[in-house]
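First comes the structure, then the notes that go with it.
There are 2 protein chains.
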Amino acid sequence: MGENIGAAARAMLNFGLSDLRLVNPRDGWPNQSAITMGSGAFDKIEPQIFDTLEHAISDLHFVLATTARARDMIKPVYTPKAAAENIHTQQRRDQKCGIVFGRERNGLENQEISRCQGIIQIPTNPDFSSLNLGQSVLLLAYELFAQNDDTPSRIMDQGDSFPVSQEKFNEFIDRLDDELDRHGFYKTENLKPTMQLNIRNIFSRNELTDQEVRTLHGVISAFTKHKK
Amino acid sequence: MGENIGAAARAMLNFGLSDLRLVNPRDGWPNQSAITMGSGAFDKIEPQIFDTLEHAISDLHFVLATTARARDMIKPVYTPKAAAENIHTQQRRDQKCGIVFGRERNGLENQEISRCQGIIQIPTNPDFSSLNLGQSVLLLAYELFAQNDDTPSRIMDQGDSFPVSQEKFNEFIDRLDDELDRHGFYKTENLKPTMQLNIRNIFSRNELTDQEVRTLHGVISAFTKHKK
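Same order as they appear, the protein sequences are chains A and R. So for the first sequence, my numbering puts the first residue at 1489; every next one is plus one. So for the second sequence, my numbering puts the first residue at 1489; every next one is plus one.
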C-alpha cells in the first residue's frame, strides 16, 4: 500500500535512514499516495525497486526480519533494542545491514524469513498487539538512531541564563532567613535548625539561575515592603 | 483532530496504557474519525474529557510535557527513555504520572508547559524532525512498556524442538570428520587440526537442535551414498 510506503519513508528519515528498498510494490512506483503520506521524505529518499527479496538484499551481510508472531523457524529472536545494538556493531565493522518488513496484512513468508540471519519481534500488549507497518518502521528506526545519539538523558535547559553561583545562592538564603526571623517565622529556637535546612533544600535542589535568584530577591522585597 | 486522537489511543493500547485524557477536543467527543482510526482501541479506552489542562492533571503528582523544540523555559529535559525510567520509578512509589502532548500544529503553550515538572524531547534527524502526534505517543508508550517488559534481548527460538546434547553433537562432528577424511578432504596432515577446528566452529556456534543434527546426518548419508 502506498500509504504504508510513505509512512515508512517518513519514519526512516525522521531517524536519519534513507536506503529504502521496495520489493515488487503492489501499485508500482512512483506512487502518489506514498508521496503524499511521505510529507517530503521522498525529496531525500529515492527507493530502489526489486522484483524479489533475494535481489533486494543480495549485497547485504546481516539481515533481520520483523515478524509479529513466532514462527516455526529456528532463528535468534531479538528485541528492537538488541537488534539495533547488533546492527550498530556490525556496521562499525563495515558490514552492510538490513531490516526486512513484510506486507501489511500477511507479513513475511517463511521462505523470506529463511534468508535472514535473525528475527525482530516488538514486544507489545498481548491483548492489542497490531502495529501497522509505519509504526514498526518507526520503532526500529528510533532504536537505530538511539545507537548513535549522544543526547544526555537529562539536561537542565536554562536557555541563555546561567546557574547561580553558590555564593549568590547563599546570600539569597541568608537574606531569606534573616527576613523570616524578623517576621516571626521561627516559632521555637528548638525547631529552627530543621526548618532552616528544609528551606535551603527546597531551593538548593532547584538548580536556580542567576536571574531566578534575582526574581526571588524581588519576591522577598515585595513581601517585606508590604509588611511594613 | 479526531485522527490523531485515534492514533494516540491505538498506540497507547498497543503498549498497555489506557488512561487517556482529552482537553477541549476540537471536534467534541465522541468523534467518529477518532474511533475509526483507533481500530478498536476505544473498546478498552474510555477517554475523560476536561475543559483545561489544569483540571486534566490536577490529581497527578509528576507530569512531563512533550515539546518538539527547546523553549525559553528553565526545566529539566529528558530523553524518552530517561522520562520512562523516571515515571516508572515514581509509579513504584505510588505517584500518579502523566505525559502531556500538544496540538498537532502548535504544540503546547508555555503556560501549559509551566505546569509540568519537566520536558521530554525526542531526538530526531535535525533535517527532518517532524513527528506527528500519534508517532510521539507511540514512542513514549513503547519506552514506558519497555520499563516493565522482561523479554530477553535475544532468544534462540527453537519451537518445539530441543537443543542437541553435546554428546550427539560430537557424534555428528566425528562422523563428518571420518567421512571427510575418507573422501580426501584433508590434503595435508599439517593443516588437518586447523581445518577440524574450523569445521567444528561452523556448526557449534549454530545452536543446533536435535532434529537439525538428524537432518545433517542425512546430508552426510546422501553425499556418501552418492560418492560410492
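Note that CB positions come from ideal geometry on N, CA and C, so glycine has one too. Here the structure is a predicted model, which is why all the values come from computation and not from measurement.
List, in order along the chain, the chain R residues whose C-beta lies closer than 7 Å to that of residue 1656 of chain A?
Here the premise fails: no neighbours, minimum Cβ distance about 16 Å.
| task | Spatial neighbours of residue 1593 of chain R within its chain, please: CB distance less than 6 Å, with the 5 preceding and 5 following residues excluded, ordered by chain position. | result | none
Residues in the stretch 1518–1545 of chain R having any Cβ partner in chain A nearer than 8 Å: 1527, 1528, 1529 and 1532
* Asked: Helix, strand or coil: how does DSSP classify residue 1633 of chain R here?
  -> helix
Under 8 Å: do the stretch 1679–1693 of chain R and the stretch 1619–1638 of chain R share three or more Cβ pairs, one atom per stretch?
no
Note to self: Strictly below 9 Å CB to CB, what residues from chain R border residue 1607 of chain A?
What the structure shows: 1645
Is the beta carbon of residue 1667 of chain A sitting closer than 7 Å to the one on residue 1712 of chain A? yes
Contact set between the stretch 1581–1611 of chain A and chain R, restricted to residues whose Cβ is under 9 Å from the partner
1606, 1607, 1609, 1610 and 1611
| message | Within 10 Å of its beta-carbon, does residue 1557 of chain A have 16 or more other beta-carbons around it, so buried, or fewer, so exposed? | response | exposed
| task | Measuring only between beta-carbons, confirm whether residue 1641 of chain A sits less than 7 Å from chain R. | result | yes
### Task
Figure out for me which residue from R:1613, R:1633, R:1610 and R:1605 has the closest Cα to the Cα of residue 1610 of chain A.
R:1633
* Nearest to residue 1575 of chain A by CA position, among A:1696, A:1647 and A:1552, is which residue? -> A:1552
Original post:
Which chain A residues sit within Cβ distance under 8 Å of residue 1626 of chain R?
Top reply: 1623, 1626 and 1627
Going by other Cβ atoms of all chains shown within 10 Å of its Cβ, with 16 needed for buried, is residue 1514 of chain R buried or exposed?
-> exposed
| Can at least three beta-carbon pairs, one atom from the stretch 1557–1568 of chain R and one from the stretch 1520–1538 of chain R, be found at a separation below 8 Å? | no
Check: If you run the structure through DSSP and keep just helix, strand and coil, what is residue 1493 of chain R?
Finding: helix
At a CB-CB cut-off below 8 Å, which residues of chain A make contact with residue 1674 of chain R? What residue 1674 of chain R touches in chain A: nothing, since even the nearest Cβ is about 29 Å away.
Contacting residues, own chain, Cβ-Cβ under 6 Å from residue 1518 of chain A (five flanking each side not counted): none
Q | Short CB-CB distance (under 7 Å) between residue 1562 of chain A and chain R | A | yes
Problem set entry | Nearest-angstrom Cβ-Cβ length linking residue 1697 of chain A and residue 1651 of chain A, presumed shorter than 8 Å | 6 Å
inquiry  = Considering just the uninterrupted stretch of the alpha helix (DSSP H) at residue 1561 of chain R, what are its terminal residues?
reply    = Careful: residue 1561 of chain R lies outside any alpha helix (DSSP H) and carries neither H nor E.
Under the DSSP definition of a beta bridge, which residues are partnered with residue 1585 of chain A?
A:1550
Considering Cα atoms alone, identify which of A:1596, A:1708 and A:1621 is closest to residue 1607 of chain A.
A:1596
**Study point:** Closest residue to residue 1541 of chain R among R:1511, R:1582 and R:1701 (Cα-Cα distance)
**Key:** R:1511
- Query: In chain A, which residues lie with their C-beta within 8 Å of the C-beta of residue 1618 of chain R?
  - Reply: 1502 and 1527
Cα-Cα separation, residue 1715 of chain R to residue 1705 of chain R
Since pLDDT at residue 1715 of chain R reaches only 49, below the 50 mark, its modelled position is unreliable, and the value read off the structure follows with that caveat. Those two C-alpha atoms are separated by around 15 Å.
ask   = Interface residues of chain A around residue 1700 of chain R at Cβ under 9 Å?
value = 1562
Outcome for residue 1624 of chain A when other beta-carbon atoms lying within 10 angstroms are tallied against a minimum of 16
buried
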